[in-house]
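Residue numbers (my numbering): 62 to 248. Note that beta-carbon positions come from the ideal geometry of N, C-alpha and C, so glycine has one too. These notes are about the structure you will find just below.
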Amino acid sequence: MKGKLFVVSGPSGSGKSTITKIVRDKLNIPLSISATSRKSRPGEVNGVDYYFLTEEEFSKKIENNEFFEYANVHGNYYGTLVSEINSKLDNGQDVILEIDVQGAIISKNKYDDIVLIFCKTENDEVLRNRLLGRNTDSNEVIEKRLNNAKKELEYEKYYDYTIINKNLDDSVNKLIKIIKGEYNEKE
Numbered sequence: 062m063k064g065k066l067f068v069v070s071g072p073s074g075s076g077k078s079t080i081t082k083i084v085r086d087k088l089n090i091p092l093s094i095s096a097t098s099r100k101s102r103p104g105e106v107n108g109v110d111y112y113f114l115t116e117e118e119f120s121k122k123i124e125n126n127e128f129f130e131y132a133n134v135h136g137n138y139y140g141t142l143v144s145e146i147n148s149k150l151d152n153g154q155d156v157i158l159e160i161d162v163q164g165a166i167i168s169k170n171k172y173d174d175i176v177l178i179f180c181k182t183e184n185d186e187v188l189r190n191r192l193l194g195r196n197t198d199s200n201e202v203i204e205k206r207l208n209n210a211k212k213e214l215e216y217e218k219y220y221d222y223t224i225i226n227k228n229l230d231d232s233v234n235k236l237i238k239i240i241k242g243e244y245n246e247k248e
């Protein structure tokens, strides 16, 4: 039996990475590792957090149709390698993709059997405070991320589910219920 593909998206600072990591660990679902042309942040490991590529390497993979989806987000390329997804799905593993809204819409058009989950904060102030609290980006980058968040929120209507991340435990439980609910529909 083929695995199922779950896509989690949302603005930077919405908590999607934290939520999906906890859920992956609890349900033993692998995250498909994305590729990016951005520089790694402190503590990030190539091949674990992302495949860190130069813009030239990324462009070459685009030319060779090696990406399931890709987009330019915040001035850097992000994408999902076809090989990452297909190897897991073909082995019967479910996959969680944590990708931007552009990639999610592209994915929905490629796979009928996909579940889109949108993650957001309850308001702009909470989002701003989370981004500031990271201490990983300049004020200029934070403003860019906040402006992009407004655009990303317009895509929420295309998603199957929305998680408003007010409380981490509640958000984790909601994602688990969504995933388990999808299985119940198949039974």
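Can you give me the start and stop residues for the beta strand (DSSP E) that Ser300 sits inside?
-> Nothing can be reported for residue 300: it is not among the residues displayed for the chain, which extend from 62 to 248.
May I ask which residues mark the beginning and end of the alpha helix (DSSP H) holding Ser70?
-> Translated into positions along the sequence shown, residue 70 becomes position 9. From DSSP, Ser70 is part of no alpha helix (DSSP H) but of the beta strand (DSSP E) over Leu66 to Ser70.
Applying the criterion that 16 or more other CB atoms from any shown protein chain within 10 Å of the CB defines a buried residue, is Val109 buried or exposed?
-> Sequence index remark: in the sequence shown, residue 109 carries index 48 (1-based). Exposed, since its Cβ has fewer than 16 Cβ neighbours within 10 Å.
Hey, is Leu236 close to the ligand GTP, as in C-beta under 7 angstroms from one of its heavy atoms?
-> No copy of the ligand GTP appears in this structure; indeed no ligand is present at all.
Leaving aside the five residues before and after Arg189 along the sequence, list all residues of the same chain whose C-beta is less than 7 angstroms from its C-beta, in chain order.
-> Taking the first residue of the sequence shown as 1, we reach residue 189 at position 128. Same-chain partners within the cutoff: Leu207.
Output yes if chain C places a C-beta closer than 8 angstroms to the C-beta of Thr81; else output no.
-> Of the protein chains in this structure there is only one, and it is not chain C.
Go to Val84, then tell me how far its alpha helix (DSSP H) extends in each direction, as first and last residue.
-> On the sequence shown, position 23 is the one that residue 84 refers to. That run of the alpha helix (DSSP H) goes Lys77 to Leu88.
Spatial neighbours of Ile90 within its chain, please: CB distance less than 8 angstroms, with the 5 preceding and 5 following residues excluded, ordered by chain position.
-> To locate residue 90, count along the sequence shown from 1; it is residue 29. The residues are Phe67, Val84, Gln154, Asp155, Val156, Ile157 and Ile240.
In the DSSP assignment, find the unbroken alpha helix (DSSP H) run with Val162 in it and report its ends.
-> Taking the first residue of the sequence shown as position 1, residue 162 is located at position 101. Element bounds for Val162: Val162 to Lys171.
Relative to the C-alpha of Glu116, which residue among Leu193, Ser73, Ser98 and Pro103 is closest?
-> Translated into positions along the sequence shown, residue 116 becomes position 55. Per the Cα distances, Ser98.
To which residues of the same chain is Thr197 closer than 6 angstroms at the C-beta, ignoring the five residues directly before and after it?
-> Residue numbering aside, residue 197 sits at position 136 when the sequence shown is read from its first letter. Excluding sequence neighbours, Thr197 sits near Arg102.
7 angstroms CB neighbourhood of Asn184 in its chain, flanking five on each side removed | Counting from one through the sequence shown, the residue named residue 184 turns up at place 123. Here the set comprises nothing.
Tell me which same chain residues have a C-beta within less than 6 angstroms of the C-beta of Ser232, skipping the five on either side of it?
-> What you label residue 232 is simply residue 171 of the sequence shown in a count that begins at 1. Excluding sequence neighbours, Ser232 sits near Ile80, Ile224 and Asn226.
Where Tyr131 falls: helix, strand or coil (DSSP) | Here residue 131 corresponds to residue number 70 of the sequence shown, with the count starting at 1. Correct three-state label for Tyr131: strand.
Where does Leu236 land, buried or exposed, given buried means 16+ other C-beta within 10 angstroms?
-> Position 175 of the sequence shown, counted from the start, is the residue given in the question as residue 236. With 16 or more Cβ atoms within 10 Å of its Cβ, Leu236 is classed as buried.
Enclosing alpha helix (DSSP H) for Leu214 [first to last residue] | By 1-based counting over the sequence shown, the position of residue 214 is 153. Asn200 to Leu214 is the extent of the alpha helix (DSSP H) around Leu214.
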